[in-house]
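Enquirer: To start, I am sharing the structure in question, which I have written as structure tokens.
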Amino acid sequence: MRDLAEDIQRHKSDNRENGRKVTRVLQRPDEHGSYTEEVTWADLGLGDIVKVKRGEGFPADLVMLSSEDESGMAYVETMNLDGETNLKPKMCNVDIMNDINDEKDASSFIAALTYERPNTNLYKFDGEMTTKGRSYPLTVDQFLLRGSTLQTTAYIYGIVVYCGDQTRIFRNSADTGTGRDKLTKLMATYNHHVITLFVLQALICIVSAVVNAVYTTTNDDWYLDVNASDSVDGGEVFLDALKVVGTLLLQFTYFVPISLLVTLEIVKFFQAKFINEDKNMVSGGKPFYSRRRLGATANSSTLGEELGSVTHIFSDKTGTLTQNLMLFTSACAIGTGGSDSPLLVRKSQQQGEATDQARSLRPDSTERDHHVGSDFDIELFKKIAKSSSGVVRQRFVDFLICLAVCHSVLIKADDEDDEEAAEGTPPETGRVHSDKLYDASSPDELALVAGARELGMEFAERPTLNSVRVNLRTDFAKELMGLDVNYLDFELLDVIEFDNDRKRMSVLVKEKLPATTTVSPDRRHVQDRVAAKPLGQKVRESCPHPRTLLLIKGADSSMLDVAVPLSDHEDTELSETLATLAANGLRTLVYGARDLTDDLDFVKEWREAYSAARGKIGDEKKNAMHECMTRMESRVDLLGSTGIEDKLQDQVPEVIKELHSAGIKLWVLTGDKIETAINIGYTGLAGGGVLGGSGNLIESKLTTRAATLDWDNDAEEKLEKEGYIAHSEVDPDEVALDEDLGGPDAELPRANDGPEMASFRQVAITVSGDALAVILRHKVLRLKFFRLSLAHCVTVIACRVSPKQKADVVKWSGSYLPANTMLSIGDGANDVGMIVVADVGVGLNGKEGAQAARSADYAIPEFRFLRRLLFLHGREAVRKNSIFVYYTVYKNVAFSLPTFLLGFYSHFSGTNLYDPILKQVYNVLYTVFPILFHGVFDRDMPVSVLARCAFLYKFGHRTFGNFVLARWIFGAIWTALWCLIPPLWVLYPESYHWDGNTSPSDHQIGLLVFFGMVLVCNITMYKFTNVWFWFIHAGIWFGILLFLICWAAGTIFGDHFEDSFVNTLLTPPAIGSLILSCGMSLMPLVLQHQYYGLFYPSNSRVVKERLQLGARKLVVVKKDEEKQGRQRNKASPRLLWSARRRIAVVSLARAERGGR
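See the structure below:
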């Protein structure tokens, strides 16, 4: 029914989508003279030309022919496709656009298109358009995807190239496996239990049939009409045995609880509803990424218990652990010093240990841009730049030009501000910050442009499609540029976009100075650069205008590959600068420039070759483009570097520390360089962050050399020699990773468990993407890596990893430890892969869009809510759902076994014990409400305590498994015995009662056993219930009273009940047998509860007892201290009981305050 409702809802959604209207261009005018008509999206076909207006979605995959913008530019939003919220520029071919000025021109347009087959690639399109005898290349710049919307441009004309199920969004919308395709560990275990129960059921039936056949053929009782001396017909005996087997199978239909799946779905639905309605998981006020208040969302209602058994978390860093709010924090030009450069000293470090009051006496003269960090000393940068000369000064000039020009940032349209005003967003007073002016493809780009703007080089506008204007806002900028002008114009000759293979972006520009330009002497006379220029580099004797420059920026490793070799001194200086920035946890970029003013012939030839390469298709285009990029991006003069800080989200260090305390291992999968990731682990998350699980031990002992220790076959021996791990007598090569290495609830090894156990909790692994690629391809290396990292390392940091590598790491981890639960959390489109393949995926609604949140099983606004999601909702789900599963098995097995046990009286003849009508509603009415209300409403402890106490996350025992099943089945056997035997002994003697009356019939005995079973099973739930609403009691006693009502009604209105309600139930022997049945059935539960509570109390039991006593703080006793206490108090169980209650460090008062 749930799937049917979802399918109906999906069908309605499809109809709404396909029924949307779009303007289609006709080949000839209609009867009213119009060249357009309104049609639905479903009516479009290949080759149709459509007109899409601003704010409308594209009805199919289009190739843009014309735009309202005279430059041929249009801006589209692709958030529904890739989750990115920034606008992306698209541009049509200007020659084609000139042929389509209105609807009439569009109707007469004729062209032939050749392009690639339908595929899933959102970022690539190759084709060719031929019209009027000329061919034009088609690229992703003209490709408009269905699912995106037109923005800022009034309208565009486009031709349909893919429609329906051929569109890219449809090809990418295959089932991602969120919810219905994932199976929890609990349900997978239950599937194995079903097989076990079915085998037991079959064995019981077969054994009963065999015993019955033997009895009927070897006994000559008169009522069997069988003579033991007569010959036995084997075929008849076999048929009788089959009848017995069939009869018992019908009577044992409750042995395997089929109704469990339906009722558990109801419970899970409400558990997911509670997550959606949790007001404490709503981002308060104005979150760092949105003006809206966002809450948690459960996209899947079937994976709740997986949240309660998580052992490994695989997390993205940028936007997940951090705010994805980049701050321009550092900028250095080569030649200003290495690690000792004053530009690398943060402003807060310059102020030293000054108090907040002292710092407030030295505020900045002007308010800073939101994307420029307060630690960036702007005045110091200006001072050093102005005091520089020669080569260093020219590097500062080109460095700032590169910051202001080499990017893909767009100017926000004025109508966006109007929309914000219409939405009621109050306008900001004071200066306008960069996020109000620019629309950047990434937060890094926005921070870099904001930094240049703060230094006086403001990216002002793009006057035309191929130009950029930079305002010189300050006297410093004018002085440094050596020009007395208010702005600089740059002609964009070509742009080489960033890609993951090159890890670089470059723009080929030509300076365009205003007509009236005064060039300062400092700008004209640069001969003093010759002496400072490194040997082997080309030196210009003057700096004429306009210059033709290649401006380039990228990762340090990729920039060094294309750079002119620096001198030894400058190379060391750059290495020290990058290392210092990374040590401060900053994201680094290196900048360079290539002066091509004297190589204009090369520039002309290269542009022609690059344009021709873009017109090719397939591998030929790829190879030609790569060759052109390689030719241009070479012999680059390095200029300097920047450091961008990505601030942590609120409470991230505290949350990660508590996750470690709960025994959860954290893997951070990031695109940052290794040094940045390691130092973020130490500095940004110190004392409870990524490396906080091993905490002070790592900080006091682990050095940089040890942290970057080369990993090989002797890695463990090296770590042991260094003293970072203890000696282990277990050969790790003998450990099979496909086994359950501890299981989801197993206790993790600790450093103080003894010298004989390996103490690997001190080790954290850092691995690069290149190394990971080799590891994942090599079977032996992969086995060694995952053995060490999964079994022994508290933290793994993977750097420079691709989205596919993220997914592969999660997939292999799950395959090596199938009994453990892997959780992936991320916020961007590049995290979708690992979110989908994980056992449970969590997405964040972040700045990178909502694709991760839509693809995930659960979505939360901020990382800090993961603690509440796991510790409260996850823990309670696995606890309650485990009880739900095994209680349902218990009550069904207990209900079925009396029929088998009656066989010892009836010689396994298949006698039916229960009334066939009342039996049908045993699971539906009589025993369903207690466990249903328990699964929905029960809470082990106060919510504020559960959500804040990490040590309560692990139960200390398995909540499901074969041992748990055996324990519940034993309880079912015990209950079945004591619910059947007392009524038989008391009410069913051999023939007659002492007063001469006949004994009750089998049907009457069955009713009494039935009632005893309902009574015991419902009352059993009192042992597992922790909260007591009135409807909890009502649910327990409702089934009991309903059965009595049905029995009484059957006695009054039914003939086969034979007044059994009065003559059987309301008699002293019957009441006595019920009391005996209930008492003996419930006795093991009472004894178990008292015994474990006295001698082996769980963490939650201790906390609940202390809360009842009014205690608000728990103190710690380590394991070795507890052992000593046990030895000292062997003769005193009461003292031992008292010592066991001092178990973990947590302030319940703080937890309760935090919960409120």
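Residues 1 to 1156, numbered by full-length UniProt numbering, are exactly what the sequence shown covers, in order.
Even for Gly, the Cβ is constructed at its ideal location relative to N, Cα and C.
This one's a predicted model, so the numbers in the text were calculated from it and none came from an experiment.
(1) Hey, could you find the ends of the beta strand (DSSP E) Q151 is sitting in?
(2) Among L925, F895, T927, whose alpha-carbon lies nearest the alpha-carbon of N912?
(3) Report the partner residues of L648 according to the DSSP bridge assignment.
(4) For K665 and V837, which I take to be in contact (beta-carbon distance under 8 Å), what is that distance rounded to the nearest angstrom?
(5) So what does residue 1168 bridge to, in DSSP terms?
(6) At what residues does the beta strand (DSSP E) containing E128 begin and finish?
(7) Per the contact definition of three or more C-beta pairs closer than 8 Å, is the segment 583-596 in contact with the segment 627-646?
(8) Which class does E1080 belong to by DSSP, given the choice of helix, strand or coil?
(9) Alpha carbon to alpha carbon, how far is T297 from R171? Give it in angstroms, no decimals.
(10) From the DSSP output, in three-state form, read off T577 for me.
(11) Where DSSP assigns a beta bridge to F143, which residues make up the other side?
(12) Short check: CB of L122 to CB of C92, under 8 Å?
(13) Name, in chain order, the residues that DSSP records as bridge partners for Y591.
(14) The beta strand (DSSP E) with H312 in it runs from where to where?
(15) Under a three-way DSSP split, which group does L183 fall into?
(16) In three-state DSSP terms, what is K1119?
(17) Closest to I1075 by CA distance: which of V986, L1041, F1031 is it?
(18) Can you list, in chain order, the residues of its chain with a C-beta nearer than 6 Å to that of C205? Leave out the 5 residues immediately preceding and following it.
(19) What's the gap between the Cα of K268 and the Cα of F884?
(20) Could you tell me the distance, in whole angstroms, from the CA atom of E573 to the CA atom of T580?
(21) In terms of DSSP beta bridges, what is R134 paired with?
(22) Would you call K657 buried or exposed, if buried means 16 or more other Cβ atoms sit within 10 Å of its Cβ?
(23) For the segment 779-833, which segments carrying the alpha helix (DSSP H) assignment without a break, of at least 4 residues, lie completely within its bounds, in sequence order?
(24) Report the residue from T218, Y136, L549 whose alpha carbon sits nearest the alpha carbon of I602.
(25) What residues are listed by DSSP as bridge partners for R504?
(26) Who are T302's beta bridge partners in DSSP?
(27) With a threshold of 8 Å, are at least 3 pairs of Cβ atoms found where one atom belongs to the segment 1077-1097 and the other to the segment 868-888?
(28) In chain order, what residues of the same chain lie with their CB nearer than 8 Å to the CB of A440, ignoring the 5 residues before and after it?
(29) Sort Q394, D444, L566, T40 by Cα distance to V22 and report the nearest one.
(30) Please confirm whether T184 and L303 have their CB atoms less than 8 Å apart.
(31) Closest to D940 by C-alpha separation, out of Y914, W1028, R787, would be which residue?
(32) Helix, strand or coil: which one does DSSP assign to A707?
(33) Return helix, strand or coil for S389, following the three-state DSSP convention.
(34) Take the Cβ of K182 as the centre, count every other Cβ of all protein chains shown within 10 Å, and call the residue buried at 16 or more, exposed below.
(35) What residues in its chain sit with their C-beta under 8 Å from that of S13, if we drop five residues either side in the sequence?
(36) Can you pull the DSSP bridge partners for L987?
Expert: So, from the listed chains and residues:
(1) Following the DSSP letters along the chain, one finds Q151 inside the beta strand (DSSP E) bounded by residues 149-151.
(2) Taking only the C-alpha atoms, the option nearest N912 is F895.
(3) T322, per the DSSP bridge assignment.
(4) No, K665 and V837 are not in contact; Cβ-Cβ is about 18 Å, not under 8 Å.
(5) Residue 1168 lies beyond the residue range present for the chain, which begins at 1 and ends at 1156; the question has no answer from this structure.
(6) Note, E128: beta strand (DSSP E), 127-131.
(7) Cβ pair count under 8 Å is three or more, so yes.
(8) One point to set straight first is that residue 1080 is Met, not Glu, in the sequence displayed. Per DSSP, reduced to three states, the secondary structure at M1080 is helical.
(9) Distance between the alpha carbons of R171 and T297 is about 26 Å.
(10) Looking at T577 - three-state DSSP - the assignment turns out to be helix.
(11) V63, per the DSSP bridge assignment.
(12) It is not a contact, given that the beta carbons lie outside the stated cut-off.
(13) Within the DSSP secondary-structure output, Y591 pairs in a beta bridge with K553, G640.
(14) Annotation for H312: the continuous beta strand (DSSP E) segment containing it runs 310-316.
(15) Coil at L183, not helix or strand.
(16) Its pLDDT being 39, under 50, K1119 is placed unreliably in this model, and the coordinates cannot settle the point.
(17) It is V986 whose Cα lies nearest to the Cα of I1075.
(18) Contacts found: V245, L248, L249.
(19) If I take the Cα positions, the gap works out to 11 Å.
(20) Cα-Cα distance, rounded: 11 Å.
(21) R134 is bridged to T131.
(22) K657 counts as buried, since at least 16 other C-beta atoms from the protein chains shown sit within 10 angstroms of its C-beta.
(23) The qualifying runs are 779-792, 803-816.
(24) Before going further, note that residue 602 is Phe rather than Ile in the sequence given. Distance check between F602 and each of T218, Y136, L549 places L549 closest, using alpha-carbon atoms only.
(25) Answer by DSSP bridge pairing, in chain order: G554.
(26) Under DSSP, no beta-bridge partner is assigned to T302.
(27) By the Cβ rule, the segment 1077-1097 does not count as touching the segment 868-888, because fewer than three pairs are nearer than 8 Å.
(28) For A440, where only same-chain residues beyond five positions count, the Cβ hits under 8 Å are N86, H407, S408, V409, L410, L446, V449.
(29) If we check each option's Cα against that of V22, T40 comes out closest.
(30) For the pair T184 and L303, the CB atoms are nearer than the 8 Å cut-off.
(31) Nearest C-alpha to D940: W1028.
(32) The predicted model places A707 with a pLDDT of 35, which falls under 50 and marks its position as unreliable; any figure quoted below should be read in that light. The three-state reading of DSSP puts A707 in helix, counting H, G and I together.
(33) S389 falls in the coil class under three-state DSSP.
(34) Under this definition K182 is a buried residue.
(35) Shown here for S13: not one same chain residue has a beta carbon closer than 8 Å to its own, the five before and five after excluded.
(36) Beta-bridge pairing links L987 to no other residue.
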